[in-house]
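Novice: Can you read through this structure? Questions will come right after.
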Amino acid sequence: MRSLFLVCLLFGSAWSLPESDLSPTSPAPGNDTSEEPQLPAFSPFSLRDGRFAIGTFAKVNWFQAQATCAAYGYTLVSISSEQDQRSLRNFLFIYARNQQDLMTDPLWTSGTDLASDNNWVWFSKGRALNYRNFQNGLPGYSSDNRHCLGINGINGLWVNEECSQQRYFVCEKRCQFDDDVN
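Counting from 1, one number per residue, gives the positions in the sequence shown under the UniProt record's numbering.
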């Protein structure tokens, strides 16, 4: 069965918001006792056949990308099949090709080997990478702190990056889950 999912491409604005634009996790004005960064407001709009949506965000590290997606009911994208790969690449090509900054750096996905070097998993699914599309066929060595997976917006190839790098990111909301365990 085909998997239908929403993909949110997140790029643009600043990480913190003015006090008037409170996010769901922000305290009321004057009651800011939290030291956590505020999440940007999330307001995706549907494009095409309802499968995809675009929102606006800033470049963030991999952990902030995870938190931002989760705060709004999304997860960082997982690419479980060649079909997922094609859909995401087509989406990026059609809707993001004019965003030069977006297309020159990798975009965060949920892929990581933080738990165990060179044992790559989709963090958002808790599953190993069965489908792979690494640049040069293999991930770079993780011993140099490159434990988080990005996707090149131009060619769709995957690269492992330092999780602290500031990158745009892709969130998704699965409407239907795969029958298999991809």
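Ideal Cβ positions, reconstructed from N, Cα and C, are used throughout, including at glycine. In this text, all values refer to a predicted model and were calculated from it rather than measured experimentally.
To the nearest angstrom, report how far apart G73 and W62 are at their CA atoms.
Specialist: Position 73 of the sequence shown, counted from the first residue, corresponds to residue 73. Position 62 of the sequence shown, counted from the first residue, corresponds to residue 62. Using only the alpha carbons, I get a separation of about 17 Å.
Novice: By the DSSP assignment, the beta strand (DSSP E) with W108 in it spans what residues?
Specialist: As a first step, residue 108 must be located in the sequence shown, where it is residue number 108. Element bounds for W108: 107-112.
Novice: Please report the Cβ distance between L129 and G153, rounded to the nearest whole angstrom; I am assuming they are in contact, meaning their Cβ atoms lie under 8 Å.
Specialist: Counted from its first residue, the sequence shown places residue 129 at position 129. Counted from its first residue, the sequence shown places residue 153 at position 153. The pair is not a contact, with the Cβ atoms about 19 Å apart (cut-off 8 Å).
Novice: Beta strand (DSSP E) containing C148: first to last residue?
Specialist: Taking the first residue of the sequence shown as 1, we reach residue 148 at position 148. Per DSSP, C148 belongs to the beta strand (DSSP E) from 148-151.
Novice: Restricting to Cα atoms, I'd like to know which of L92, H147, V159, S87 is closest to N119.
Specialist: As a first step, residue 119 must be located in the sequence shown, where it is residue number 119. Ranking the options by Cα distance to N119, first place goes to H147.
Novice: Could you tell me the alpha carbon to alpha carbon distance between L138 and L92, rounded to whole angstroms?
Specialist: As a position in the sequence shown, residue 138 is number 138, starting the count at 1. As a position in the sequence shown, residue 92 is number 92, starting the count at 1. Going by the C-alpha atoms only, they are around 23 Å apart.
Novice: Shortest alpha-carbon distance to T109 belongs to which of T68, N133, R89, W122?
Specialist: Stepping through the sequence shown from its first residue, residue 109 is reached at position 109. Closest option to T109, Cα to Cα, is W122.
Novice: Using 8 Å for Cβ pairs, my map puts Y168 next to L76. What's the rounded Cβ distance?
Specialist: The sequence position of residue 168 within the sequence shown is 168, counting from 1. The sequence position of residue 76 within the sequence shown is 76, counting from 1. Between L76 and Y168 the Cβ distance is about 12 Å, and since that is not below 8 Å, they are no contact.
Novice: Which residues does DSSP list as the beta-bridge partners of W120?
Specialist: Position 120 of the sequence shown, counted from the start, is the residue given in the question as residue 120. Answer is none; W120 lacks a bridge partner.
Novice: Rounded to whole angstroms, what is the Cα-Cα separation between E162 and A115?
Specialist: Sequence index remark: in the sequence shown, residue 162 carries index 162 (1-based). Sequence index remark: in the sequence shown, residue 115 carries index 115 (1-based). Answer to the nearest angstrom: the Cα atoms are 14 Å apart.
Novice: Tell me which residue opens and which closes the beta strand (DSSP E) that E161 is part of.
Specialist: The residue you call residue 161 lines up with position 161 of the sequence shown. Looking at the DSSP string, the run of the beta strand (DSSP E) that includes E161 is 158-161.
Novice: What is the DSSP secondary structure of A70, reduced to helix, strand or coil?
Specialist: Here residue 70 refers to the residue found at position 70 of the sequence shown. Residue state, collapsed to three classes: helix.
Novice: DSSP three-state label for A128, please.
Specialist: Position 128 of the sequence shown holds residue 128. Reduced to three states, the DSSP call for A128 is strand.
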